[in-house]
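Structure first, then comments.
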Amino acid sequence: MSDFSSNDIPLLGRQFIEASAGTGKTFAITNLYIRALLGRGISAPINVEKILVLTFTNAATDELNNRIRKRTIEAKRVFSGAKTDDEFLIELRNTSDDREADLKLLTAASLLMDNASILTIHAFCARVLNELSLETGKLFNQKRETAIDDLLIQAAEDTFRKMILRLPSFEQKLALKIWANPAALVRLMRPFLFRTKVIFEPPMVNFTVEFNRIVGVIEQIKNLWVEANIAEQISQSGFRKGSKPLTRLDSVTYLCGSEETIEIDHEMWGIYNTDKLNKLLTKSGELPKHSIFSLIDDVWEARTIINQIKINLWHRAAKSMKTIIADIKTQTNELSLDDLLTELWTAIATSEGLPKLLVKKWPIALIDEFQDTDNLQYDIFSRIYQTESPSCLLFIGDPKQAIYQFRSADIYTYLNAKQAANNIHTLSTNWRASEPLVKTINYLFGQNQIFGEKEISYQANDCPKKASTMKVMIGGKTTVPCQIRLFENKEPLTKQRAVELCMADAAENIVSLLNPSEKKKATINQKPISAGQIAILVRSRNEAIAAQAALSLRGVKSVYLTQDSVFLQETAQDLSLILEAVIDPSNERSIKVALATRLLSISAKEIDEINKHSDAQQRLHTEFKEYQEIWASQGIASMIHALIERRQIAEQWLHRPNGERELTNLRHLAELLQQRSSLVPGMSLLLGWFKREKIGSELRSEQDNQIRLESDEDLVKIVTIHAAKGLEYDVVMIPFATFKSSERKNEPALYHQKDSSGYITRLNFTPTNQVLALAEKEKHEEDMRLLYVAITRARYLVYLGIPYIKNVASTAAGQLFKLSSCDNSHFVGIKDKLPKALFHVCSLIDSPITYLRRAVDGAELKRPPRPPILNDSWLIHSYTGINRRFNRQDDINEESAMVGYSDDEHMTHISAKDAIVDTFTFPRGKHIGIALHGLLEEIDFSSSDKVIGTVCRRYAVRLGLSQEQCDGMLVSWIRNILMTPLGCGFSLSEINGKDRISEMEFHFPFVMNTELVDLVKKRGYLANAKSDQNIDLSGVMTGLIDLIVRFN
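Going from the sequence shown to our numbering is simple: count from 1 and add 99.
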């Protein structure tokens, strides 16, 4: 392992760069990109299209694209002679053999950056499958669907209906204990169903013969129990009074004498087996001598078959769901994102030529955030870049930030890849955090094997030579970078109470930082800390709600940055009930339920008053009837807007805590419903879709449905740790640092085992205690990585809330600070262990409530910022737009004043009594022109009159024609157009679909000045352009060419 140097790392073979938080990973990628452009360390320069840069999200792709573009332009400036302090670029320039040639390469790269191969991994797979369809053996026209959730839900419902509900009674009973409904099936299958290279264990075993044998034995026991009067023998055998063999005799005897089946998991076998019976005999008692008890022992020992039935059910259900999803995709010709990976892997694994072709296309690949990969993605690139051609595959990532196992990211794949790398380099200079905070992070995470696996180690970070000298000062004194808040108690706190205390204390600390008090004024680099510099990091939605409530209680405004769906909010549930009342305004109960929602907030007393007055009830019916009419005539968005105005929802909510969030959610839902209404006709059907989305959003969170920010103000940010990865804040608060992954004992356990080839992924459907311990160990290790991610979001100051809770020692914070779960004094004793130059430990029992004061007196008045100066002459232009710019209402030329000349005239119609329609009486107007345009675009010019007639009839209504008018005049007119000679020896009727392009888009750069306008006017265009007008326009001219044909 060696320290990283952008100029020294070989761009050949398999290279591995291991980073830490804040060590400039993206900057390193941009430097390596510049080296590849200039051909430094490789045989020749490489253009932007041949350097493959991959990451995992669209946002990260955009960020990389922008950073690489800026770095390329910066390098071009330096090679042009501009001054710089950038050591990397200075060295590149000084060691250049031909600076002019390098400048040309950088100039070309900066101009062609839109063609750069900077993609998400899924987009890369899609591009290969599209561009190399023949080589990969895939269909040309497969649709790419980004979400698998709807298919997953459908597969679960079909599996439930076709498999689980048709099982024999005993197996069905076991299945329903595992999956009570299709939603449970989705929840439990989702974590592993689409994982690749996972060993399912234990394997399926055919238990039918053994099961049938046991069923026969049970029938034999039932008969013997009654015939031999076993109940009487047991009652006289000397069992302890009140023991189960005696208390259960009557019920078991009744069961054995009935037609009812006794299942293999019945409690009877656990009560009447010989081991149990012998333990419950008195000293003088003696077990009855009868063969039935050996049969009962046989059934009792065969209970392991229950486990095997459960294992087989898991295998069968997983296979069923996969098959159903695959069948649906085949029928609809669709691919999900996961399918893109699988399809490409299959193509590469079965083709010798494809990897070589891909290496030739992209000789260098840089894969960012590689800790978030999985084994299928890794295997794709391993196969591509194992050819003999000179190439470079470079992975860059930070295993300490691998926190997305719930999305199938696999840190153990990263460790396998690291083991196979030619060289491993490390980034160890922390450019983000202040020097004291860097020392704090080194102290905390430099402990031996703090991240569990030996391969995941923390290398102490350095500070840059010109480290930030900014200081955090509170009350005129420099504060230490890590503030630890301990919550003492004689007994461990419940989690709910601990979270409440921690969030209250965090809110108090924020008030203390923000309150404009000279005695305790908080500054960074002598500037007061503002709310927008502070972030509260939480593990869950419940913690976020508690944090927001604590802040609101103290008058601190905040914003919750989340990827949750707006359909999961209470607003959606309230709106659903209101819509039911609007759909059926005659239903009094529905209206009262709507009024009682949190959104409308009508009290029970007010509703009772309405019940007493019939005129009030009538007014409500009328009001909701009017809402229904607005929905029907103007759309659901208009109806919700009317509801907001009439019920004064905005006025009621804006003065409440989170009122702005409520209104934002409501307007967001209105927009989504309005969009969907164009696809779902009818109010009831739209409401049905809305309800299904609320259920489905528990399983997915689509980008369009994610909660929107309610405000752009300077607010305290509340962010989940997962969402905060990649972000940074001046002050970070982790109020409840003793979070812990929840234990789920009755679910499959995912874990990894290491052998000589690396780590193997296993999924155990019926885990033993040993397997559960391995799975729990991996969860605890991910918790430690989550805590690392949270702490390293800070630039200057971090607060950690550590309450005394049950099993605190097993939490990540407990391990980090070596806490004890059973000794409160030892818990508090960490005060003496931590260096006081880095940590301040404060013990608390409760937290006060301090209201945030607003600085009014003596507040500094600032000028509003100047609006940005925009050069709006450099735009994307069209002829129509330029023509409209030059047109004046008072100067209409003679042509445009003619009736029927303007495209903007209202559409004219042919009345029903018109017997004849020809080209002179044909309807006119913009809409007619658009319809005719679409008709000509859709028709195959070489088609017969019958086919043309079929297409024309589809456009008849849009053209205002009857069926007879369409079949007569319109078909004849279209045929005449197609048969008319074009003066080049052919007509359109001779052009088939392969020899035409409709609506081809074009772009070309242009600068419009007086000379160009005069030239264009001579050709008969822009007749209204005035010589005194500002015609200094530049940019790109765009448009559509209606038709291009190829003849001979």
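By construction, the Cβ of each residue, glycine as well, lies at the ideal position given by its N, Cα and C atoms.
Secondary structure of residue i, DSSP reduced to three states
i: ASP989; result: Here the model assigns ASP989 a pLDDT of 40, short of 50, so the residue's position is not dependable and the matter cannot be decided.
i: ASN982; result: helix
i: ASP1039; result: coil
i: GLY957; result: Bear in mind that the predicted position of GLY957 carries a pLDDT of just 46, short of 50, making it unreliable; the figure below should be weighed with that in mind. Note: GLY957 maps to coil in three-state DSSP.
i: VAL598; result: helix
i: TYR858; result: strand
i: PHE299; result: strand
i: ALA118; result: coil
i: HIS1177; result: Summary: the structure shown does not reach residue 1177, with the chain confined to residues 100 through 1147, and so no result is reported for it.
i: ALA1011; result: Because ALA1011 carries a pLDDT of 45, less than 50, the predicted location of this residue cannot be relied on, and the following value inherits that uncertainty. ALA1011 falls in the coil class under three-state DSSP.
i: PRO902; result: strand
i: SER1097; result: strand
i: GLU1193; result: This structure leaves residue 1193 out entirely; the chain is present only between 100 and 1147.
i: VAL870; result: helix
i: LEU814; result: coil
i: ALA848; result: strand
i: GLU1004; result: Its pLDDT being 44, under 50, GLU1004 is placed unreliably by the model, and nothing is read from it.
Nearest-angstrom Cα separation, counted from residue j out to residue i
i: VAL1070; j: ILE981; result: 36 Å
i: THR346; j: ILE410; result: 34 Å
i: ILE172; j: GLU162; result: 16 Å
i: GLY1138; j: ALA127; result: 41 Å
i: GLY140; j: SER195; result: 12 Å
i: SER533; j: THR156; result: 29 Å
i: ALA603; j: GLY121; result: 30 Å
i: ALA893; j: SER629; result: 15 Å
i: SER179; j: LEU202; result: 7 Å
i: MET997; j: GLY1059; result: Caution applies to MET997, whose pLDDT of 37 falls short of 50 and renders its modelled position unreliable; the value that the coordinates give is listed next. If I take the Cα positions, the gap works out to 23 Å.
i: LYS594; j: ILE904; result: 7 Å
i: ILE901; j: ILE583; result: 7 Å
i: PRO267; j: GLU358; result: 17 Å
i: ALA597; j: LEU772; result: 40 Å
i: GLU875; j: MET288; result: 19 Å
i: TRP368; j: LEU251; result: 39 Å
i: PHE480; j: ASP882; result: 29 Å
i: GLN747; j: LEU674; result: 15 Å
i: TRP1072; j: ALA215; result: 49 Å
i: SER334; j: GLY356; result: 18 Å
i: CYS1051; j: ASP1066; result: 8 Å
i: VAL681; j: SER776; result: 16 Å
Option nearest residue i by Cα separation, candidates the options
i: ALA118; options: MET572, ILE729, PRO498; result: PRO498
i: ILE635; options: VAL610, ILE141, LYS576, ALA605; result: ALA605
i: ILE633; options: GLU318, SER390, GLY369, VAL815; result: VAL815
i: THR154; options: ILE623, THR219, LYS691; result: THR219
i: LEU284; options: VAL297, ARG260, ASN560; result: ARG260
i: ALA417; options: PRO302, ASN521, ALA648; result: PRO302
i: PRO684; options: LYS704, GLN727, LEU652, ASP714; result: GLN727
i: GLN485; options: PRO454, LEU292, VAL227, ASN624; result: PRO454
i: MET832; options: GLN716, SER713, ALA646, SER783; result: ALA646
i: ILE405; options: PRO934, GLN271, THR258; result: GLN271
i: ALA200; options: PRO144, ASP1017, GLN751, SER689; result: PRO144
i: GLN952; options: GLY654, GLY1082, PHE1085; result: The question names Gln, but residue 952 is Arg in the sequence shown. Nearest of GLY654, GLY1082, PHE1085 to ARG952, Cα basis: GLY654.
8 Å contact criterion, which residue i and residue j should meet: CB distance rounded
i: ILE370; j: LYS340; result: At roughly 15 Å, the Cβ-Cβ gap does not stay under 8 Å, so ILE370 and LYS340 are not in contact.
i: SER651; j: ASN757; result: 7 Å
i: ILE298; j: ILE677; result: Not quite, the Cβ-Cβ distance comes to about 51 Å (not below 8 Å), so this is no contact.
i: LEU434; j: HIS221; result: No, LEU434 and HIS221 are not in contact; Cβ-Cβ is about 10 Å, not under 8 Å.
Quiz prompt | Any 3 or more C-beta pairs closer than 8 Å across the region 508-519 and the region 551-563 | solution = Of all C-beta pairs linking the region 508-519 to the region 551-563, three or more are shorter than 8 Å, placing the two stretches in contact.
Practice problem: Tell me, please, whether the region 452-471 touches the region 498-510 by the rule of three or more beta-carbon pairs shorter than 8 Å. | Solution: yes
Exercise. Could you tell me whether the region 863-870 touches the region 608-623, where touching means 3 or more Cβ pairs closer than 8 Å?
Key: As far as the Cβ criterion goes, the region 863-870 does not touch the region 608-623, which means the pair count is below three.
Quiz item: Quick check: the region 319-327 against the region 390-405, are there 3 or more CB pairs under 8 Å?
Solution: yes
Quiz item: Touching or not, the region 1100-1110 and the region 1133-1147, by the rule of three or more beta carbon pairs under 8 Å?
Solution: yes
Quiz item: For the 8 Å Cβ check, are there 3 or more pairs between the region 903-916 and the region 832-842?
Solution: yes
Quiz item: Does the count of Cβ pairs from the region 1023-1032 and the region 1045-1062 closer than 8 Å reach three?
Solution: yes
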